[in-house]
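Residue numbers (our numbering), protein chains in the order written: chain A, 74 to 294; chain B, 74 to 294.
The C-beta atom is built at its ideal place from N, Cα and C for all residues, glycine as well.
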DNA sequence: TGTACATCAGTGAACGCGCGTTCACTGATGTAC
DNA sequence: TGTACATCAGTGAACGCGCGTTCACTGATGTAC
């Protein structure tokens, strides 16, 4: 039992509440989460949380913010754990799904409007997305070492990858798993693989335009 | 006001409750949905719904089932509205997103474990997925009119397309829309485009093996 | 080192609310004779 | 055609519950002198 209280004053109630809330989120959903239960789990009266959070929403928002911090850390860890960008990117995908699998309630809260993110929370969410963009850019650069093709804009591709990851996570870990016998990791891995391959194939069809990198072909007129 | 009651007996309370529940789901989320409000919206006492549904979950499950029926209809409509499989498939994607945009609460309920599907409901959900598989198979066949490459199994591809669609829907219509300036329709359309292109590129690399269609290359030993 | 006091984290009882669900009932409907 | 009666959809009042939140309070902590 981490964050156990020591006396009349808890000492680290804020951290204990965040911890308890995450556990509740894991067992029940975002909707079933209750402030009273979080307080009880932290071994404290139902009024105590109000010393640290304005209301229920504020606690949920803080949990979601911490969720994005943890999420970013896991993605960054996966990215730096491999030298080859393609392997690193694949590891990122596995880390993404592992996070959604192990913390489905937290993951759902992070992307739900029930847990309103403050400015800092939105910055943390943006940071996680930046990691994905960096990963996509790395894979694209690795596939284009000779600079034979115009570099596609990594942002829409990252958004497509994010969408597929979010979709796989939602379908398998967010509700009813699909009836088909496919493994979510495989679906995502092969899907992203094909997605990148198709993008690169399209890019190879366009002539290299030195000085016009990252610009769409129509922009020259 | 559809399904308005006429006298002491409502006449079509079951349908009215399903209608009211869908409206509530549209305005609030799955979590905030309440049986009492559905009854009030249908102009009936809070005990009346129990004549037609075992409990709150049963009503939600019935709403979800009807949601899948409507969803399938929209997808089928889009598919049959174009002769060219590629155009039809693109229309299906747009129909998918339009459904999730116009009925976000219903869409969320359909994929949430809060609304337990009965046998019939699961069959309806499977039917919607079948339409997607049919669409993928149609596009693959159109790209392979000369029979030059082994036909890839449409099922995992359909699952990847479903995941990306579900992810785009979840990100843009299910919570916080992403900060990036991309349109969800464009992200999905281009993503699926690249995904299919990559899959076809991979398939072209394999030699045609007459009599071994739909079998993975390793299966020959 | 000791003491008075400000600060503030946590208490516990209470509130109002809305919800899911039950229950004895009432009134409309339709069917058997 | 008329009447008695079974059926059953909807009533309304009530229940128990859990929740978010407030409020006057209490007790520990740390700081100024």
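Quiz item: Under 9 Å between C-beta atoms, does residue 195 of chain A make it to chain B?
Solution: Locating residue 195 of chain A in the first chain gives position 122, where the first residue counts as 1. Closer than 9 Å to some Cβ of chain B, the Cβ of residue 195 of chain A qualifies, so yes.
Quiz item: Which residues bound the alpha helix (DSSP H) around residue 92 of chain A?
Solution: Residue mapping note: residue 92 of chain A aligns to position 19 of the first chain, counting from 1. Segment 86-100, the alpha helix (DSSP H) holding residue 92 of chain A.
Quiz item: Three-state secondary structure (DSSP) at residue 190 of chain B?
Solution: Translated into the one-based positions of the second chain, residue 190 of chain B becomes position 117. Residue 190 of chain B: coil per DSSP, three-state reduction.
Quiz prompt | Contacts that residue 172 of chain A makes with chain B (C-beta to C-beta distance below 9 Å) | solution = Here residue 172 of chain A refers to the residue found at position 99 of the first chain. Going along chain B, no residue has its Cβ under 9 Å from residue 172 of chain A, so there is no contact; the nearest lies around 15 Å.
Practice problem: State buried or exposed for residue 236 of chain A, treating a residue as buried only when at least 16 other CB atoms are found within 10 Å of its CB. | Solution: Within the first chain, residue 236 of chain A is the residue found at index 163, counting from 1. Flag for residue 236 of chain A reads buried.
Self-check item: Contact list for residue 270 of chain A against chain B, beta-carbon separation under 7 Å
Solution: Your numbering for residue 270 of chain A matches position 197 in the first chain. Within 7 Å Cβ-Cβ: 271, 274 and 275.
Exercise. Thinking residue 231 of chain B and residue 103 of chain B are a contact (beta carbons under 8 Å), I'd like their distance in whole angstroms, please.
Key: Here the question's residue 231 of chain B lines up with position 158 in the second chain. Here the question's residue 103 of chain B lines up with position 30 in the second chain. Incorrect: roughly 26 Å between the Cβ atoms, too far for contact.
Quiz item: Do the region 144-151 of chain A and the region 198-214 of chain A touch if we need at least three Cβ pairs shorter than 8 Å?
Solution: yes
Quiz item: By the criterion of Cβ-Cβ separation under 7 Å, what are the contact partners of residue 145 of chain A in chain B?
Solution: Here residue 145 of chain A refers to the residue found at position 72 when the first chain is read from its first residue. Ordered by position in chain B, no residue passes the 7 Å Cβ test against residue 145 of chain A, which lies about 15 Å from the chain.
Exercise. Could you name the residues of chain B that residue 117 of chain A contacts, counting a contact when the two beta carbons are closer than 8 Å?
Key: Along the first chain, read from residue 1 onward, the residue named residue 117 of chain A stands at position 44. What residue 117 of chain A touches in chain B: nothing, since even the nearest Cβ is about 25 Å away.
Quiz item: Any C-beta of chain B sitting closer than 9 Å to the C-beta of residue 232 of chain A?
Solution: Reading the first chain from its first residue, position 159 is the one you call residue 232 of chain A. Yes - at least one Cβ of chain B is within 9 Å of the one on residue 232 of chain A.
Quiz item: Skipping 5 residues on each side, what residues in its chain have a beta carbon closer than 8 Å to that of residue 193 of chain B?
Solution: Here residue 193 of chain B is taken as the residue at index 120 of the second chain, counted from 1. Here the set comprises 138.
Quiz item: Taking the alpha-carbon positions, what's the residue 267 of chain B to residue 109 of chain A distance?
Solution: The sequence position of residue 267 of chain B within the second chain is 194, counting from 1. The sequence position of residue 109 of chain A within the first chain is 36, counting from 1. Residue 267 of chain B and residue 109 of chain A have their C-alpha atoms roughly 48 Å apart.
Quiz item: Would you call the region 90-106 of chain B and the region 152-171 of chain B touching, i.e. three or more CB-CB distances under 8 Å?
Solution: no
Self-check item: Where the region 147-166 of chain B meets chain A: residues whose CB sits under 9 Å from a CB there
Solution: none
Quiz item: If we cut at 9 Å on Cβ distances, does residue 263 of chain A have a partner in chain B?
Solution: Here residue 263 of chain A corresponds to residue number 190 of the first chain, with the count starting at 1. Judged by the 9 Å Cβ criterion, residue 263 of chain A is in contact with chain B.
Quiz item: So, are the CB atoms of residue 95 of chain A and residue 134 of chain A less than 9 Å apart?
Solution: Here residue 95 of chain A is taken as the residue at index 22 of the first chain, counted from 1. Here residue 134 of chain A is taken as the residue at index 61 of the first chain, counted from 1. Cβ distance not < 9 Å, so residue 95 of chain A and residue 134 of chain A don't count as in contact.
Quiz item: Would residue 241 of chain A count as contacting chain B if we go by Cβ distances under 9 Å?
Solution: Numbered from its first residue, the first chain carries residue 241 of chain A at position 168. Closer than 9 Å: yes.
Self-check item: Residue span of the alpha helix (DSSP H) that contains residue 150 of chain A, given as start and end
Solution: Here the question's residue 150 of chain A lines up with position 77 in the first chain. First-last of the alpha helix (DSSP H) with residue 150 of chain A: 129-153.
Quiz prompt | Same chain, Cβ closer than 6 Å to residue 113 of chain A, five either side skipped, listed in chain order | solution = For the purposes of this step, residue 113 of chain A is taken as residue 40 along the first chain, with counting starting at 1. Counting only Cβ-Cβ distances below 6 Å, and skipping sequence neighbours, we find nothing.
Quiz item: residue 160 of chain A lies in the alpha helix (DSSP H); which residues open and close that run?
Solution: Taking the first residue of the first chain as 1, we reach residue 160 of chain A at position 87. 158-175 is the span of the alpha helix (DSSP H), which, as asked, contains residue 160 of chain A.
Quiz prompt | Positions along the region 91-118 of chain B whose CB lies within less than 9 Å of some CB in chain A | solution = Hits within the stretch, in order: 102, 103, 104 and 105.
Quiz item: Under the three-state reduction of DSSP, which class applies to residue 252 of chain B: helix, strand or coil?
Solution: As a working mapping, residue 252 of chain B is identified with position 179 in the second chain. Looking at residue 252 of chain B - three-state DSSP - the assignment turns out to be coil, as it is neither helix nor strand.
Exercise. Anything in the region 176-187 of chain B with a Cβ closer than 7 Å to a Cβ of chain A? List those residues in chain order, please.
Key: Contacts with chain A (Cβ-Cβ distance below 7 Å) from the region 176-187 of chain B involve 184, 185 and 186, listed in chain order.
Exercise. Following the continuous alpha helix (DSSP H) through residue 277 of chain A, name the residue where it begins and the one where it ends.
Key: For the purposes of this step, residue 277 of chain A is taken as residue 204 along the first chain, with counting starting at 1. Residues 257-277.
Quiz item: Closest Cβ-Cβ distance between residue 76 of chain B and chain A: below 9 Å?
Solution: Here residue 76 of chain B refers to the residue found at position 3 when the second chain is read from its first residue. By this cut-off, residue 76 of chain B is not an interface position.
Self-check item: Pair within 9 Å by beta-carbon distance, residue 229 of chain A and residue 213 of chain A
Solution: Along the first chain, read from residue 1 onward, the residue named residue 229 of chain A stands at position 156. Along the first chain, read from residue 1 onward, the residue named residue 213 of chain A stands at position 140. Not closer than 9 Å, so no.
Quiz item: How is residue 233 of chain B classed by DSSP in three states: helix, strand or coil?
Solution: As a working mapping, residue 233 of chain B is identified with position 160 in the second chain. Reduced to three states, the DSSP call for residue 233 of chain B is helix.
Practice problem: Anything in chain B within Cβ reach of residue 135 of chain A, meaning under 7 Å, just list it in chain order. | Solution: Counted from its first residue, the first chain places residue 135 of chain A at position 62. Chain B residues near residue 135 of chain A: none, gap ~16 Å exceeds 7 Å.
Self-check item: Alpha-carbon to alpha-carbon, residue 250 of chain A and residue 76 of chain B
Solution: Within the second chain, the letter at position 3 stands for residue 76 of chain B. Within the first chain, the letter at position 177 stands for residue 250 of chain A. Computed Cα separation, rounded: 35 Å.
Exercise. Round the Cβ separation of residue 111 of chain A and residue 93 of chain A to the nearest angstrom and send it over; I've been treating them as touching at under 8 Å.
Key: Here the question's residue 111 of chain A lines up with position 38 in the first chain. Here the question's residue 93 of chain A lines up with position 20 in the first chain. Confirmed, about 5 Å.
Quiz prompt | Pairwise C-alpha distance: residue 129 of chain B and residue 125 of chain A | solution = For this step, residue 125 of chain A is matched to residue 52 along the first chain. For this step, residue 129 of chain B is matched to residue 56 along the second chain. Distance between the alpha carbons of residue 125 of chain A and residue 129 of chain B is about 35 Å.
Practice problem: Rank A:174, A:190, A:162 and A:91 by C-alpha distance to the C-alpha of residue 269 of chain A and give the top, closest one. | Solution: Counting from 1 along the first chain, the entry for residue 269 of chain A is found at position 196. For the residues A:174, A:190, A:162 and A:91, the minimum Cα distance to residue 269 of chain A belongs to A:162.
Self-check item: Within-9 Å CB hit, residue 260 of chain A to chain B
Solution: For the purposes of this step, residue 260 of chain A is taken as the residue at position 187 of the first chain. It does; some Cβ of chain B falls within 9 Å.
Quiz prompt | Coarse secondary structure for residue 118 of chain B, derived from DSSP in three states | solution = Start at 1 with the first residue of the second chain, and residue 118 of chain B comes out as number 45. Residue 118 of chain B: coil per DSSP, three-state reduction.
Quiz item: Does the Cβ of residue 233 of chain B have 16 or more other Cβ atoms within 10 Å, making it buried, or fewer, making it exposed?
Solution: By 1-based counting over the second chain, the position of residue 233 of chain B is 160. Classification for residue 233 of chain B: buried.
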